[in-house]
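Taking it in order: structure first as structure tokens, then the write-up.
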Amino acid sequence: MDIEWSAHGIAIVGAGVMGVGIAALAVGRGLPVVLVDVAEDRTRRAPDAVHRQVRTAQLLGRLPRDAALGELTTSTSVAQVAGAGAVIEAVTEVPEVKAKVLAEISGAVGPGTLLTSNTSAIPIQELAAATARPAELVGTHFMNPPYLIHAVEVVRGPDTGDAAMATLESLFAILDRQAIVVGDGPGFVSNRILMWVINDAARLVQEGRAAPKDVDDIFVGCFGHRTGPLATADLIGLDSVVDTLRVLFDRTGDDGYRTCRELVSKVQEGHFGRKTGRGFYEYGESMS
Amino acid sequence: MTASDGQLATEAAATDPVAERLLRFLADRTKIEYTTDEDLFARGGISSLFAMELVLHLEQQFGVAVPGPELTMDNFRTVQAMAALVRRLQGGEPNSS
């Protein structure tokens with residue numbers, strides 16, 4: 001289906017770290033965006049956060065500096081997604097919450113509207129069951145921050161149709177994003193591997209075998225990675241890491257995904273990583 | 001840049017109040033003493049994401065708005081470049097690019 005993206009734009013449901021970041025990417029590429037969240041304080045803060053992220057991306061040369069920005073509209077009502085060319089769900093990584101929100105979105109948009117979930121681990125087939133038209137759901141696992149990271153893990157569920165994949169391809173051409181299409185399953189490719197590593201890295205810290213920096217330095221200094229697993233966990237958000245590990249453990253029974261005490265205690269103490277200013281590392285002021 | 005070049009650049013900052021304030025801000029935030037012509041990102045004390053803080057600092061402290069076309073890393077790479085940007089946005093200096 002051909003969509004005039006500059007007219008229809010996209011809607012994003014969930015104005016947390018990822019929803020705001022995806023909104024910045026779309027706005028910076030000139031697409032009108034409707035950003036929905038049930039929490040009014042989030043919709044109130046979102047425009048400033050989106051604007052700042054667009055400017056950061058422009059500064060780093062990752063979004064055009066001269067192009068007209070898309071209009072950003074915020075709302076607390078899911079009904080406002082009607083009319084969008086595509087709807088991206090980016091609410092918290094809790095299966096019941098995502099299923100409920102996807103069902104609401106699916107009821108608010110017409111047939112043929114691309115629906116994507118920014119889940120980081122929940123199988124698309126499972127989420128598709130909550131929608132009216134499972135063929136229209138695709139997994140789009142953007143990485144944080146979406147306006148800087150070019151590649152996106154795209155998950156095609158067993159029910160996902162060709163039309164939905166074609167519409168996504170057209171949207172990604174506008175957003176200048178590279179889709180890496182993988183098959184469905186808990187954690188897909190990225191988090192099936194990464195969450196296991198983060199959990200074990202945190203367990204090493206818990207056991208007193210290595211300080212966080214030493215764990216990360218092994219990955220950076222020895223393996224040549226740009227960041228280590230614990231700095232990556234701080235960037236993702238330790239609350240999201242714990243949610244994702246729970247999703248993986250519940251679906252695989254693999255003890256490697258059983259959340260270690262070190263992660264649980266940090267989250268209980270409110271230390272979520274960069275977004276709260278403290279996680280495995282100290283960041284000073286909150287960077288959200 | 002030689003040490004004496006850096007010294008000269010720092011002395012020059014004493015006559016440039018914008019550069020002087022920026023040097024003070026950087027020393028306060030990073031605990032590193034920079035010279036006005038030093039590449040701030042080369043030494044590793046400042047990340048590219050911190051550059052956005054520099055943008056906001058300039059806007060708040062000097063009452064300017066940095067428009068999209070001026071949002072380039074080169075404008076924030078040295079204290080000299082930032083001071084020139086401030087003067088340009090305040091209408092005192094033509095765009096050198």
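Sequence lines, in order, name chains H and U. Each step along the first sequence adds one to the number in the working numbering, with nothing skipped, and position 111 is 111. Each step along the second sequence adds one to the number in the working numbering, with nothing skipped, and position 93 is 93. All C-beta atoms, glycine included, are put in the ideal place defined by N, C-alpha and C. Note that the structure is a prediction, hence the values are computed from the model and not measured.
In this structure E93 (chain H) touches S120 (chain H) by the C-beta definition: roughly 6 Å separates them, less than 8 Å. According to the DSSP assignment, S117 (chain H) belongs to the beta strand (DSSP E) that extends over L114 to S117.
Here DSSP, grouped into helix, strand and coil, assigns G273 (chain H) to strand. Chain H has no Cβ within less than 9 Å of the Cβ of A84 (chain U). What S47 (chain U) touches in chain H, judged by beta-carbon distance under 9 Å, is nothing: the nearest beta carbon there is about 11 Å away.
In the DSSP secondary-structure assignment, H8 (chain H) is not bridged to any residue. V27 (chain H) has no beta-bridge partner at all, per DSSP. Chain U places a beta carbon closer than 9 Å to that of L59 (chain H), counting this residue as a contact. In terms of beta-carbon proximity, A51 (chain U) lines the interface with chain H, with at least one pair separated by less than 9 Å.
Per the Cβ contact rule, the region 1–13 of chain H is in contact with the region 26–43 of chain H (3 or more Cβ pairs under 8 Å).
The DSSP assignment places 95–108 as complete runs of the alpha helix (DSSP H) inside the region 86–117 of chain H, in order along the chain (cut-off: 4 residues). Note that the C-beta distance between I22 (chain H) and T167 (chain H) is not below 9 Å. Contacts between L71 (chain U) and chain H, judged by CB atoms closer than 8 Å, involve R55, Q58, L59 and R65 in chain order. The Cβ-Cβ distance between D37 (chain U) and V79 (chain U) falls below 9 Å. L35 (chain H): member of the beta strand (DSSP E) spanning V33 to V36, first to last residue.
In the same chain as V189 (chain H), and ignoring 5 residues on each side of it, the C-beta atoms closer than 7 Å to its own belong to E153 and V182, in chain order.
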